[in-house]
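Take a look at the structure below.
Structure follows, in structure tokens:
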């Protein structure tokens, strides 16, 4: 591995015979050294991943408090996902909030049991029609306007309406819910990953939880059959959840349920624009929508990384990580590993996508994956049925998420022109 | 579509008659009939939360386990070398009609 020889950046030099820091590596011209907190150079991180696969499958990044180890190779990420006792999710102790991504078994299992049932493909069938109708209505509106901004006009309203219906938490005020949700996610990122935070995130999170507690009380009184009602009963009748756990779990489902899907939906439009032939193909063969979405999750999945901490010394790609190492599994990089996927940077809906990590893997696999798939397939089908072409608006380039959660990447603004299908 | 019925013993020792449809893997039949099978990874053989014990006379008649399954199931709580399978990897067969499946214990 080559060590950069450029002038010092004010960052420390690695000790002799230790793994070099990211800022010491010879990143090519135009590619900023990989950082823990994105400074704007990692909005679309795939060039970084390609370089990591060729040069540095294990990247150590310096921060003032601790080193952070990034794993890019498919086999390393796979191993780590499958060994939750060595790669623990409890990166902050005591666990600061009831977010499933921060908790190991057996507690993780207990919380997951509460919500998992609502996300099985069978349970989600009850929502299929509503999702299709909403997708159609939102797309019709965009087509009538000749296009628009996909995230605001389509992805947020669809994903937020869906997860709100599932939880039975009203989403009449999308803006307020989005604000609370983003802020709570930032608070989580600050606690879990030393993200910078917003200054108001903690207060907003508490406001959100207070709102959700009130809502859970109502759902309990009504005997609601929704997931929110179920969570409320687990709290009030069964004593399986405390009040704090109930409202935090509710917020976790809400945040995880819309933010990630929002970006995936936006990326579906993006890939339709980059591969104009696919809309016609899916129009003629609707079952190909599922292939499209699976490859989308591999090629431009939303969640880029998962946080872990090692409970013992462990070797990855020949590099020994100490016990207590703070690790990020770059699942989105693993999805582009040429050792696993041939020609990985080509979007090819005919490829075999088995084993991709678009929704993670192992015990912490995305519990909402069946819902995300359902929403994205429904949206892709609507696009294929109604739209002849999606064109990116060249005057208004993609703006990428530069969120405080340090997890998700993808479009925050995606301006498109839509041409309606005729006949 | 064919449907068979299997006998499932849950972690409390209670018995349940469970219909198993031809297009389901065993995990789906269990989960969709409200047995407490978490199946966290969704059936990709990357966790062991759908671990079950099959009858000792049925076990050797199944197709061999993949490397991925072997690694996970051998480390799963309560592993039994002649009975343990991940139910997401067990496909339907008419001959399983009447078989008894036991849910393996969860982590302590």
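Protein chains in written order, with full-length UniProt numbering: chain A, 1 to 423; chain B, 1 to 108.
The C-beta atom is built at its ideal place from N, Cα and C for all residues, glycine as well.
Rounded separation between residue i and residue j - CA only
{"i": "residue 150(A)", "j": "residue 352(A)", "result": "28 Å"}
{"i": "residue 91(A)", "j": "residue 259(A)", "result": "22 Å"}
{"i": "residue 300(A)", "j": "residue 264(A)", "result": "8 Å"}
{"i": "residue 169(A)", "j": "residue 287(A)", "result": "32 Å"}
{"i": "residue 344(A)", "j": "residue 5(B)", "result": "43 Å"}
{"i": "residue 4(A)", "j": "residue 22(A)", "result": "Its pLDDT being 45, under 50, residue 4(A) is placed unreliably by the model, and the measurement read from it follows with that caveat. Answer to the nearest angstrom: the Cα atoms are 9 Å apart."}
{"i": "residue 60(B)", "j": "residue 91(B)", "result": "14 Å"}
{"i": "residue 66(A)", "j": "residue 324(A)", "result": "10 Å"}
{"i": "residue 118(A)", "j": "residue 227(A)", "result": "7 Å"}
{"i": "residue 68(B)", "j": "residue 214(A)", "result": "45 Å"}
{"i": "residue 14(B)", "j": "residue 155(A)", "result": "45 Å"}
{"i": "residue 32(A)", "j": "residue 20(A)", "result": "16 Å"}
{"i": "residue 333(A)", "j": "residue 316(A)", "result": "15 Å"}
{"i": "residue 93(A)", "j": "residue 193(A)", "result": "12 Å"}
{"i": "residue 37(A)", "j": "residue 231(A)", "result": "34 Å"}
Three-way DSSP call (helix, strand, coil) for residue i in this model
{"i": "residue 408(A)", "result": "strand"}
{"i": "residue 92(B)", "result": "coil"}
{"i": "residue 22(A)", "result": "helix"}
{"i": "residue 80(B)", "result": "coil"}
{"i": "residue 51(B)", "result": "strand"}
{"i": "residue 16(B)", "result": "strand"}
{"i": "residue 358(A)", "result": "strand"}
{"i": "residue 309(A)", "result": "strand"}
{"i": "residue 7(B)", "result": "strand"}
{"i": "residue 93(A)", "result": "coil"}
{"i": "residue 85(B)", "result": "strand"}
{"i": "residue 69(A)", "result": "strand"}
{"i": "residue 226(A)", "result": "coil"}
{"i": "residue 372(A)", "result": "helix"}
{"i": "residue 99(A)", "result": "coil"}
{"i": "residue 56(B)", "result": "coil"}
{"i": "residue 243(A)", "result": "helix"}
Under 9 Å from the C-beta of residue i: neighbouring residues of chain A
{"i": "residue 103(B)", "result": "Correct list: empty, because the minimum Cβ distance to chain A is about 13 Å."}
{"i": "residue 107(B)", "result": "105, 106 and 109"}
Residue from the options with nearest C-alpha to residue i
{"i": "residue 40(A)", "options": "410(A), 420(A), 416(A) and 421(A)", "result": "410(A)"}
{"i": "residue 110(A)", "options": "121(A), 98(A) and 120(A)", "result": "98(A)"}
{"i": "residue 377(A)", "options": "132(A), 106(A), 200(A) and 325(A)", "result": "132(A)"}
{"i": "residue 39(B)", "options": "397(A), 94(A), 31(A) and 116(A)", "result": "116(A)"}
{"i": "residue 87(B)", "options": "78(B), 11(B), 33(B) and 25(B)", "result": "25(B)"}
{"i": "residue 294(A)", "options": "88(A), 358(A) and 96(A)", "result": "358(A)"}
{"i": "residue 211(A)", "options": "196(A), 246(A), 198(A) and 199(A)", "result": "246(A)"}
{"i": "residue 238(A)", "options": "157(A), 387(A), 220(A) and 278(A)", "result": "220(A)"}
{"i": "residue 158(A)", "options": "382(A), 416(A) and 317(A)", "result": "382(A)"}
{"i": "residue 152(A)", "options": "42(A), 138(A), 329(A) and 252(A)", "result": "138(A)"}
{"i": "residue 54(A)", "options": "214(A), 61(A) and 74(A)", "result": "74(A)"}
{"i": "residue 120(A)", "options": "33(B), 78(B) and 21(B)", "result": "33(B)"}
{"i": "residue 185(A)", "options": "235(A), 253(A) and 155(A)", "result": "253(A)"}
{"i": "residue 76(B)", "options": "72(A), 77(A), 82(A) and 78(A)", "result": "82(A)"}
{"i": "residue 200(A)", "options": "35(A), 183(A) and 193(A)", "result": "183(A)"}
{"i": "residue 104(B)", "options": "42(B), 16(B), 89(B) and 80(B)", "result": "80(B)"}
8 Å Cβ cut-off: residues of chain B touching residue i
{"i": "residue 365(A)", "result": "40, 41, 42, 44, 46 and 47"}
{"i": "residue 372(A)", "result": "What residue 372(A) touches in chain B: nothing, since even the nearest Cβ is about 11 Å away."}
Chain B contact residues for residue i, given Cβ-Cβ distances below 7 Å
{"i": "residue 239(A)", "result": "By Cβ distance, chain B contributes nothing, its closest Cβ being about 18 Å from residue 239(A), past 7 Å."}
{"i": "residue 369(A)", "result": "42"}
{"i": "residue 443(A)", "result": "Any property of residue 443(A) remains undetermined from this structure, which presents chain A solely from 1 to 423."}
Within chain A, the residues that residue i reaches when beta carbons sit closer than 8 Å
{"i": "residue 72(B)", "result": "82"}
Where residue i meets chain B, residues with beta-carbon distance less than 9 Å
{"i": "residue 122(A)", "result": "28, 31 and 32"}
{"i": "residue 190(A)", "result": "In chain order: nothing, as chain B lies at least about 27 Å away."}
{"i": "residue 116(A)", "result": "31, 38, 39 and 40"}
{"i": "residue 113(A)", "result": "36 and 38"}
Within-8 Å CB hit, residue i to chain E
{"i": "residue 301(A)", "result": "Among the protein chains in the structure shown, which are A and B, there is no chain E."}
Return the residues of the region 25-42 of chain B that lie within a Cβ-Cβ distance of less than 9 Å from chain A, sorted by chain order. 28, 31, 32, 34, 36, 38, 39, 40, 41 and 42
Going along the chain, which residues of the region 66-88 of chain A sit with their C-beta nearer than 9 Å to a C-beta in chain B? 78, 81, 82, 83, 84 and 85
Residues in the region 86-103 of chain B having any Cβ partner in chain A nearer than 7 Å: none
Please identify, using Cβ separations under 7 Å, the residues of the region 252-275 of chain A that lie next to chain B, in order along the chain. none
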